[in-house]
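K.L.:
Residue numbers (the working numbering): 194 to 520. Below is one structure. I have some questions about it.
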Amino acid sequence: MKPLGRKLILTVACVVGICSFAASSFATTWDMPTPYPDKTFHTVNIIQFATDVEKATGGSLKIKIHSAGSLFKHPEISKAVRGGQVPIGEFFLSLLSNENAAFGTDSQPFLATNYQEARKLWAAQKPVITKLLDKQNLMPLFSVPWPPQGLYTKKMINSVDDLKGIKFRAYNATLEKFTNLVGAAPTQIEVPDIPQAFATGRVDAMITSPSTGANSKAWDFITHYTDIQAWLPKNIVVVNKRAFRKLSQTEQQAVLSAAATAEKRGWEMSQKETTTKTAILKKNGVIIVTPSKALMDGLKKVGGQMLKDWKKSAGPEGEALLKAYRK
Ligand code: PCA
194 MKPLGRKLIL
204 TVACVVGICS
214 FAASSFATTW
224 DMPTPYPDKT
234 FHTVNIIQFA
244 TDVEKATGGS
254 LKIKIHSAGS
264 LFKHPEISKA
274 VRGGQVPIGE
284 FFLSLLSNEN
294 AAFGTDSQPF
304 LATNYQEARK
314 LWAAQKPVIT
324 KLLDKQNLMP
334 LFSVPWPPQG
344 LYTKKMINSV
354 DDLKGIKFRA
364 YNATLEKFTN
374 LVGAAPTQIE
384 VPDIPQAFAT
394 GRVDAMITSP
404 STGANSKAWD
414 FITHYTDIQA
424 WLPKNIVVVN
434 KRAFRKLSQT
444 EQQAVLSAAA
454 TAEKRGWEMS
464 QKETTTKTAI
474 LKKNGVIIVT
484 PSKALMDGLK
494 KVGGQMLKDW
504 KKSAGPEGEA
514 LLKAYRK
């Protein structure tokens, strides 16, 4: 029903004294699939976003969060929002890099390796991917980075050679390629399945944030965390534009304003998370290693090769993006 019609009925209902009943039955509820568990800071941020929207709309728009891939599996979430099966959803932005290289910019090894660079990269990337998403009837609401990605292993890693042959967990095509190029053997595994994958010997190492490492209790299955700060990949929350247009002006405004707040809050949470979760790894006995020069030189060499390939696949659009980033 159109928002105007909904309001008219609501007003009439209120006049005849069944206001609260009518308000609850005409409230819109948006189901929102997200890929990561409830305690992940991204999910905590999204829960706050939903609370803010509900408050600002006086309860006329509710967002019901289905975390940890419980409504749609992670690789299905973007398609579900695109197809209108759900109005809103969160996913790992670089999962779309097979559609256009611009989506994968934030996962390029050693391109943006701290929060300041990540902010600059997002500023350069946002207009490009907004256009691409628009063609899919999607609109970005906010995007938040994971802490810098580090290396989790069962032994000390002194150089790229030490990675050869290790079974590695991967979470996107870029990491899969990186892992292959350093001579390791990648397998795609979602976050909720990490402990099981290590326990059953499917993988023996991974590259991820201190956040995901600590949340997965990495000390149960690895001994060393090497702080290589390789990249800061982002999650993104997108809305289906048709669903957004069905909202009243007030509701649309509430969503946009809560989204802007969530983006700001999320970046701050992410930065704090880097310190607190690295400390938790240490407290639980993980050896925190500052990488050797030899290891970093070797990894960066692979990163340089990957960026060359990325430029080829990203074409003039990608070149413009990189230029804007490096300005
Ligand atoms: N955690 C997610 C994405 C990047 C990160 O830090 C993962 O490991 O899949």
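Glycine included, each C-beta is placed from N, C-alpha and C at the ideal position.
How far does the alpha helix (DSSP H) with Asn373 in it extend, from its first residue to its last?
P.N.:
Ala366 to Leu374 is the span of the alpha helix (DSSP H), which, as asked, contains Asn373.
K.L.:
Return yes when the C-beta of Thr236 is under 8 Å from any heavy atom of ligand 1, and no when it is not.
P.N.:
Checking the Cβ of Thr236 against ligand 1 gives no.
K.L.:
Does the Cβ of Pro509 have 16 or more other Cβ atoms within 10 Å, making it buried, or fewer, making it exposed?
P.N.:
With fewer than 16 other Cβ atoms within 10 Å, it is exposed.
K.L.:
In chain order, what are the residue ranges of uninterrupted beta strand (DSSP E) at least 3 long that sit wholly in the region 327-409?
P.N.:
DSSP runs (the beta strand (DSSP E)) wholly in the region 327-409: 331-338, 343-346, 360-363, 378-381 and 398-401.
K.L.:
Mark Arg438 as exposed unless 16 or more other C-beta atoms lie within 10 angstroms of its C-beta, in which case mark it buried.
P.N.:
Exposed.
K.L.:
Buried or exposed: Lys324, going by 16 or more other Cβ atoms within 10 Å of its Cβ?
P.N.:
Result: exposed.
K.L.:
Apply the 10 Å Cβ neighbour rule to Lys520 and answer buried if 16 or more other Cβ atoms are within range, or exposed otherwise.
P.N.:
Exposed is the call here.
K.L.:
Mind checking whether the beta-carbon of Ser290 lies closer than 8 Å to any heavy atom of ligand 1?
P.N.:
Every heavy atom of ligand 1 is 8 Å or more from the Cβ of Ser290, so no.
K.L.:
Any chance you could list the beta strand (DSSP E) runs of at least 3 consecutive residues sitting entirely within the region 246-318, in chain order?
P.N.:
Whole beta strand (DSSP E) segments, 3+ residues: 254-259 and 281-285.
K.L.:
According to the Cβ coordinates, are Ile421 and Leu334 closer than 9 Å?
P.N.:
Not a contact, by the Cβ cut-off of 9 Å.
K.L.:
Closer than 8 Å by C-beta to Ser402: which residues in its own chain qualify, once you throw out the five before and the five after it? Chain order, please.
P.N.:
The residues are Trp339, Pro340, Pro341, Gln342, Gly343, Glu466, Thr467 and Lys470.
K.L.:
Tell me whether Val430 sits in a helix, a strand or coil according to DSSP, three-state version.
P.N.:
The answer is strand: DSSP assigns Val430 an E or B state.
K.L.:
Could you compute how far the alpha carbon of Asp224 sits from the alpha carbon of Met349?
P.N.:
Going by the C-alpha atoms only, they are around 44 Å apart.
K.L.:
Taking 8 Å as the cut-off, is the C-beta of Tyr364 nearer than that to any heavy atom in ligand 1?
P.N.:
Answer for Tyr364: yes, Cβ within range of ligand 1.
K.L.:
Run through the DSSP bridge pairs and tell me what Tyr418 is partnered with.
P.N.:
According to DSSP, which records beta bridges pairwise, Tyr418 is partnered with Tyr345 and Ile481.
K.L.:
With DSSP as the reference, identify every bridge partner of Thr221, one or two as the case may be.
P.N.:
In DSSP, Thr221 forms a bridge with Leu254.
K.L.:
Can you tell me whether Glu383 sits near ligand 1, meaning its C-beta is under 8 Å from at least one heavy atom of the ligand?
P.N.:
Indeed, a heavy atom of ligand 1 lies less than 8 Å from the Cβ.
K.L.:
Spell out a yes or no on whether the region 482-496 and the region 282-300 are touching, meaning 3 or more CB-CB pairs, one atom from each, closer than 8 Å.
P.N.:
At 8 Å Cβ cutoff, the stretches do not touch.
K.L.:
Give every residue of the same chain whose Cβ lies closer than 6 Å to the Cβ of Ala216, excluding the five residues on either side of it in the sequence, and list them in chain order.
P.N.:
Note that Ala216 scores a pLDDT of 49, beneath 50, so its modelled location is shaky; the value from the coordinates is reported in the next line. Answer for Ala216: no residue qualifies.
K.L.:
Determine the DSSP secondary structure at Pro320, reduced to helix, strand or coil.
P.N.:
In this structure, Pro320 counts as helix in the three-state DSSP scheme.
K.L.:
Can you tell me whether Ala316 is buried or exposed, with buried defined as 16 or more other CB within 10 angstroms of its CB?
P.N.:
The residue is exposed, with fewer than 16 neighbouring Cβ atoms inside 10 Å.
K.L.:
Does the beta-carbon distance from Phe265 to Val430 come in below 9 Å?
P.N.:
Not in contact: Phe265 and Val430 (Cβ atoms no closer than 9 Å).
K.L.:
Taking Pro268 as the reference, which of Pro226, Gln445 and Phe391 has the closest Cα?
P.N.:
Nearest of Pro226, Gln445 and Phe391 to Pro268, Cα basis: Pro226.
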